[in-house]
Amino acid sequence: MTIDLTRFHESFFTESLEAMDATEAHLLALESAGDRDPGAAEERVNAIFRAVHSVKGAAGSLGFGPIGEFTHHLESFLDHARKGSVAVAGSAVDALLASVDHTRSLLKAARDGGEVDANRSVLLVETLRHLSPDNPFAPQAAKPSEADTAGPAQVTYRIRFEPSLDFFRSGNDPLRMFKVLSEMGTLVAKADTARLPAPEAFDPEACYLAWDLLLTTATPRGDIEEVFAWAGEESRVTIAVDTPAPAAAAAAPVVPERRASDERRDRRQADRRRAERRGDEEVGAELRTDRLHVSRDRVDELINLMGELVITKTMLKQAVSTLDPSAIERLEQILASLERNTRDLQDRVMSIRMLPMSHAFGRFARLVRDVGQRTGKQITLEITGGDAELDKSVIEKLVDPLTHLVRNALDHGIEAPPERKAAGKPEGATLKLHAEHKGGHIEIRVSDDGRGIDVARVQAKGREVGLLMPGETIDAERACELIFEPGFSTAAEVGELSGRGVGLDVVRKNILALAGTLRFESKPGRGAEVVLRLPLTLAIIDGMLVTIGADAYIVPMTSIVECLQPDPSTMKSIAGRGMLVELRGEYLPLLELARLTATEGAAAFEDGLLIVLEAEGNKVALLVDALVGQEQVVIKSLERNYRKVGYIAGATILGEGRVTLILDVASLVRAARE
Numbered sequence: 001m002t003i004d005l006t007r008f009h010e011s012f013f014t015e016s017l018e019a020m021d022a023t024e025a026h027l028l029a030l031e032s033a034g035d036r037d038p039g040a041a042e043e044r045v046n047a048i049f050r051a052v053h054s055v056k057g058a059a060g061s062l063g064f065g066p067i068g069e070f071t072h073h074l075e076s077f078l079d080h081a082r083k084g085s086v087a088v089a090g091s092a093v094d095a096l097l098a099s100v101d102h103t104r105s106l107l108k109a110a111r112d113g114g115e116v117d118a119n120r121s122v123l124l125v126e127t128l129r130h131l132s133p134d135n136p137f138a139p140q141a142a143k144p145s146e147a148d149t150a151g152p153a154q155v156t157y158r159i160r161f162e163p164s165l166d167f168f169r170s171g172n173d174p175l176r177m178f179k180v181l182s183e184m185g186t187l188v189a190k191a192d193t194a195r196l197p198a199p200e201a202f203d204p205e206a207c208y209l210a211w212d213l214l215l216t217t218a219t220p221r222g223d224i225e226e227v228f229a230w231a232g233e234e235s236r237v238t239i240a241v242d243t244p245a246p247a248a249a250a251a252a253p254v255v256p257e258r259r260a261s262d263e264r265r266d267r268r269q270a271d272r273r274r275a276e277r278r279g280d281e282e283v284g285a286e287l288r289t290d291r292l293h294v295s296r297d298r299v300d301e302l303i304n305l306m307g308e309l310v311i312t313k314t315m316l317k318q319a320v321s322t323l324d325p326s327a328i329e330r331l332e333q334i335l336a337s338l339e340r341n342t343r344d345l346q347d348r349v350m351s352i353r354m355l356p357m358s359h360a361f362g363r364f365a366r367l368v369r370d371v372g373q374r375t376g377k378q379i380t381l382e383i384t385g386g387d388a389e390l391d392k393s394v395i396e397k398l399v400d401p402l403t404h405l406v407r408n409a410l411d412h413g414i415e416a417p418p419e420r421k422a423a424g425k426p427e428g429a430t431l432k433l434h435a436e437h438k439g440g441h442i443e444i445r446v447s448d449d450g451r452g453i454d455v456a457r458v459q460a461k462g463r464e465v466g467l468l469m470p471g472e473t474i475d476a477e478r479a480c481e482l483i484f485e486p487g488f489s490t491a492a493e494v495g496e497l498s499g500r501g502v503g504l505d506v507v508r509k510n511i512l513a514l515a516g517t518l519r520f521e522s523k524p525g526r527g528a529e530v531v532l533r534l535p536l537t538l539a540i541i542d543g544m545l546v547t548i549g550a551d552a553y554i555v556p557m558t559s560i561v562e563c564l565q566p567d568p569s570t571m572k573s574i575a576g577r578g579m580l581v582e583l584r585g586e587y588l589p590l591l592e593l594a595r596l597t598a599t600e601g602a603a604a605f606e607d608g609l610l611i612v613l614e615a616e617g618n619k620v621a622l623l624v625d626a627l628v629g630q631e632q633v634v635i636k637s638l639e640r641n642y643r644k645v646g647y648i649a650g651a652t653i654l655g656e657g658r659v660t661l662i663l664d665v666a667s668l669v670r671a672a673r674e
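Dropping the structure here:
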């Protein structure tokens with residue numbers, strides 16, 4: 001029977017890449033902690049070994065040869081580290097981190113059909129070999145003796161292999177296992193058909209066969225057990241010595257029959273007990289298997305169905321309002337119950353897509369470490385709020401902007417130790433990443449205690465590139481705005497981190513595309529901080545339904561500051577600025593959406609309503625005809641299905657079936673202030 005293993009590839013790549021992320025985190029923790037806690041270090045090394053061992057085993061089972069071969073060498077080095085013959089410090093950490101990077105490259109090449117850098121594999125294996133005091137990868141020198149001249153001791157093992165009925169469904173293939181065993185020595189296999197059912201009960205995807213195997217080999221028993229390590233808990237494997245070869249009879253005592261699966265279970269139980277004694281929560285988390293990998297397409301389908309349910313609920317609510325009053329009370333009770341249940345279901349469904357910010361923050365420990373080593377800067381990374389959750393799709397789109405902000409802080413913001421010392425600062429700098437929920441948003445802060453913005457330098461660069469008029473001066477606030485203009489960079493040289501004039505403007509563009517805002521604050525000589533504000537999800541939002549003439553629009557609730565009746569006496573006209581509205585001593589640009597959208601029949605100023613909106617730290621007053629009410633709406637992309645429309649973030653379907661546009665508040669605020 002031919003088994004299609006491709007359906008297991010996605011899980012393999014996802015889990016293996018996660019294993020590499022965990023391995024990298026353990027290595028950085030080992031390097032940071034040094035020899036302060038030998039017990040914790042031992043557990044981390046064991047955790048790294050288990051992660052690499054899992055990737056190696058899965059790669060071999062699924063036929064990814066280059067991955068399995070490289071991780072085999074990596075595992076061998078880590079085995080020496082477990083035994084204490086190699087210290088995981090200094091150059092060993094560098095080599096292991098490079099090996100983690102290369103394993104990621106091998107995984108991505110196998111996943112995406114890219115080319116494998118075989119030379120890189122050879123170079124890293126050689127590096128690991130030279131780092132091993134006993135040179136474990138080199139052939140061992142032979143000692144002249146009778147045993148050596150007679151050749152390795154051969155042992156014959158009798159193996160009984162009874163796969164579970166679901167053996168094939170889990171992606172396993174017995175032929176692959178037998179091929180590995182045959183490479184160890186001489187293999188004789190006999191199939192046992194006793195479990196075959198009657199034809200009418202036969203399941204073509206079930207495994208009814210068992211096998212009796214005789215393997216004559218010099219390979220250690222532990223390596224034979226590893227071949228069956230991925231057979232599954234329900235499969236039965238027993239390995240016993242049958243008849244040793246004469247040369248080994250005196251030296252090889254008969255080993256009592258013992259199931260390999262029992263031994264694997266015993267090892268896992270020992271790991272659990274050791275983890276409990278250590279109190280190491282990270283190791284305990286790795287031993288638990290309460291995570292379930294689900295295809296993103298399935299999650300997206302579930303969220304789309306959830307969105308349709310929200311629309312259906314709104315339509316039902318709309319229909320109830322047209323019924324006979326005598327029936328409305330009971331229907332409203334049922335509808336209230338439906339609304340509560342829908343909201344609970346929505347929260348549960350949306351939580352499936354949520355990931356902690358530590359998923360994004362964690363990758364920067366490696367970046368900070370590598371930059372510090374290259375530049376000689378002493379940098380400590382502090383992460384807080386890593387448990388604050390955000391939609392996975394938002395996190396994925398946030399990684400690149402965050403990476404650029406961190407690189408910018410490391411390159412431009414943080415000074416070299418001599419400069420910090422001369423300024424009366426500690427030689428070691430601190431970079432902080434912080435996240436916290438605020439209402440329906442998440443606020444992310446990237447801050448450093450470096451030099452801050454050099455206003456004079458920004459001013460000179462602004463004049464040079466034509467963003468400022470000759471002789472024009474700016475303050476710190478204007479300087480913070482200027483650095484986000486396209487092509488702006490104050491780097492004297494083009495380097496690996498920055499200086500190419502492509503960066504912060506793209507960061508702002510990406511944040512705005514996520515319906516977020518960005519604010520930059522700087523204190524010369526004391527540091528700088530970037531504050532990002534993003535919605536928790538891009539799928540379903542709470543909005544205010546407003547009308548302008550015959551048209552209706554949705555305004556996101558998170559952008560609304562307040563609503564008020566307009567007062568003609570507060571209107572001011574300023575040359576070059578248009579109309580302004582005075583609100584408690586603050587003048588806000590007046591935005592008449594009817595003019596921007598060429599809507600006819602809009603109410604006059606004094607007959608409408610003003611909605612104060614805020615985005616990117618700025619406020620405007622939006623004039624609308626009326627507020628209809630608050631709605632929970634499902635965002636549908638216009639750009640994906642039609643094209644990009646100015647001032648519009650997307651569309652939704654209201655209860656009566658009408659398609660309504662959702663306003664892009666950030667672009668409206670920019671238009672009003674320009």
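Start counting the sequence shown at 1; every next residue gets the next number (the UniProt record's numbering). Just so it is clear, CB atoms sit at the ideal spot from N, CA and C, and this is done for glycine as well. None of these values were measured; they are calculated from a predicted model.
### Message
Considering only the alpha carbon of each residue, which of Ile414, Ala598 and Val581 lies closest to Phe605?
### Response
With distances taken between Cα atoms, Phe605 lies closest to Val581.
#### Entry: Ile554, buried or exposed, once every other Cβ within 10 Å from all chains shown has been counted against 16
Around the beta carbon of Ile554, a 10 Å sphere encloses 16 or more other beta carbons of the protein chains shown; the residue is thus reported as buried.
#### Entry: Selection from Asp344, Leu398 and Thr547 that minimises the alpha carbon distance to Lys509
For Lys509, the closest alpha carbon among the candidates Asp344, Leu398 and Thr547 is that of Leu398.
### Message
Going by DSSP, what residue range makes up the beta strand (DSSP E) through Phe520?
### Response
Phe520 -> beta strand (DSSP E) spans Thr517 to Lys523.
### Message
For the alpha helix (DSSP H) containing Arg457, name the first residue and the last one.
### Response
Taken as a continuous stretch (DSSP letters only), the alpha helix (DSSP H) holding Arg457 covers Val455 to Glu464.
### Task
For Ile574, count neighbouring Cβ atoms within 10 angstroms of its own Cβ and tell me buried if that reaches 16, exposed if not.
Exposed, since its Cβ has fewer than 16 Cβ neighbours within 10 Å.
### Query
If we count the other Cβ atoms within 10 Å of its Cβ and call it buried at 16 or more, is Asp449 buried or exposed?
It counts as buried.
### Query
Can you tell me whether Leu323 is buried or exposed, with buried defined as 16 or more other CB within 10 angstroms of its CB?
Burial call: exposed.
### Task
Report the three-state DSSP secondary structure of Phe161 (helix, strand or coil).
In the structure shown, Phe161 sits in a strand (DSSP, three-state: E or B).
### Query
If you drop the 5 nearest sequence neighbours on each side, which residues of the same chain put their C-beta closer than 7 Å to that of Gly470?
For the record, residue 470 in the displayed sequence is Pro; it is not Gly. Closer than 7 Å at the Cβ level, and outside the excluded window around Pro470, lie Arg463.
### Task
Taking Leu638 as the reference, give the member of Ala626, Gly629, Ile648 and Val669 with the closest Cα.
Closest by alpha carbon: Ile648.
### Task
State the start and end residues of the unbroken beta strand (DSSP E) segment that holds Val531.
Segment Gly527 to Pro535, the beta strand (DSSP E) holding Val531.
### Task
Would you check if the distance between the CB atom of Leu30 and the CB atom of Arg44 is smaller than 8 Å?
In this structure, Arg44 lies closer than 8 Å to Leu30 by Cβ.
### Query
Which residue spans inside the stretch 357-434 form an unbroken alpha helix (DSSP H) run of at least 4?
List check, alpha helix (DSSP H) in window: 358-361, 364-375, 392-408 and 417-422.
### Query
Is it right to say Gln459 is buried, meaning 16 or more other beta carbons lie within 10 angstroms of its own, or is it exposed?
Of the residues assessed, Gln459 falls on the buried side of the cut-off, its CB having 16 or more other CB atoms within 10 angstroms.
### Query
What is the rounded straight-line gap between the Cα of Gly513 and the Cα of Val546?
According to the sequence shown, residue 513 is Ala rather than Gly. Cα to Cα, Ala513 sits roughly 23 Å from Val546.
### Query
So what's Pro197 in DSSP terms, helix, strand or just coil?
Assignment of Pro197 by DSSP, reduced to helix, strand and coil, places it in the coil class.
### Beta carbon of Ala218 nearer than 8 Å to that of Gln154
Cβ distance < 8 Å, so Ala218 and Gln154 count as in contact.
### Query
To which residues of the same chain is Phe77 closer than 6 Å at the C-beta, ignoring the five residues directly before and after it?
The residues are Leu128.
### Message
I need the boundaries of the alpha helix (DSSP H) containing Asn172, first residue and last residue.
### Response
No residue range can be given for Asn172, since it is assigned to no alpha helix (DSSP H) and is classified by DSSP as neither H nor E.
### Task
Using DSSP bridges, identify the partner residues of Ile662.
Looking at the DSSP assignment, Ile662 forms a beta bridge with Ile554 and Gly650.
### Task
Answer yes if the stretch 589-606 comes into contact with the stretch 522-541, meaning at least three C-beta pairs across the two stretches below 8 Å, and no otherwise.
Taking a contact to require three or more Cβ pairs closer than 8 Å, the stretch 522-541 and the stretch 589-606 do not qualify as touching.
### Query
Are the stretch 419-434 and the stretch 373-385 touching by the rule of at least three beta carbon pairs closer than 8 Å?
Counting Cβ pairs under 8 Å, three or more are found: they touch.
### Task
Compare the Cα-Cα distances from His412 to each of Asp391, Ile442, Arg451 and Ile311 and report the closest residue.
Residue Arg451 is the option with its Cα nearest to His412.
#### Entry: Local conformation of Ile574 per DSSP, three classes
It is a strand residue.
### Query
Exposed or buried, which one is Tyr642 when buried takes at least 16 other CB atoms within 10 Å?
Exposed.
### Burial state of Arg267 (16 or more Cβ within 10 Å)
Since pLDDT at Arg267 reaches only 48, below the 50 mark, its modelled position is unreliable, and no value is offered.
### Message
For Lys461, count the other beta carbons within 10 Å of its own beta carbon; 16 or more makes it buried, fewer makes it exposed. Which is it?
### Response
Lys461 comes out buried.
### Query
Under three-state DSSP, which class holds Ser132?
Looking at Ser132 - three-state DSSP - the assignment turns out to be coil, as it is neither helix nor strand.
### Straight-line gap, Phe64 to Ser121 (C-alpha atoms, nearest Å)
Computed Cα separation, rounded: 14 Å.
### Query
Starting from Met20 and walking both ways along the alpha helix (DSSP H), at which residues does that stretch end?
Residues His9 to Ala33.
### Query
Are at least three pairs of beta-carbons, each pair with one atom in the stretch 208-222 and one in the stretch 176-193, less than 8 Å apart?
Verdict: yes, contact present.
### Query
What number of angstroms, rounded off, separates the C-alpha of Glu389 from the C-alpha of Val237?
Glu389 and Val237: Cα-Cα distance of roughly 43 Å.
### Query
Rounded to a whole number of angstroms, what is the C-alpha to C-alpha distance between Ala229 and Thr403?
C-alpha separation (whole angstroms): 39 Å.
### Task
Please work out which residues of its chain come closer than 6 Å, Cβ to Cβ, to Leu663, disregarding the five sequence neighbours upstream and downstream, and give them in chain order.
Around Leu663: Tyr553 and Val555.
### Message
Measuring only the C-alpha atoms, how far is Gly307 from Cys480?
### Response
Straight-line Cα distance between these residues: approximately 40 Å.
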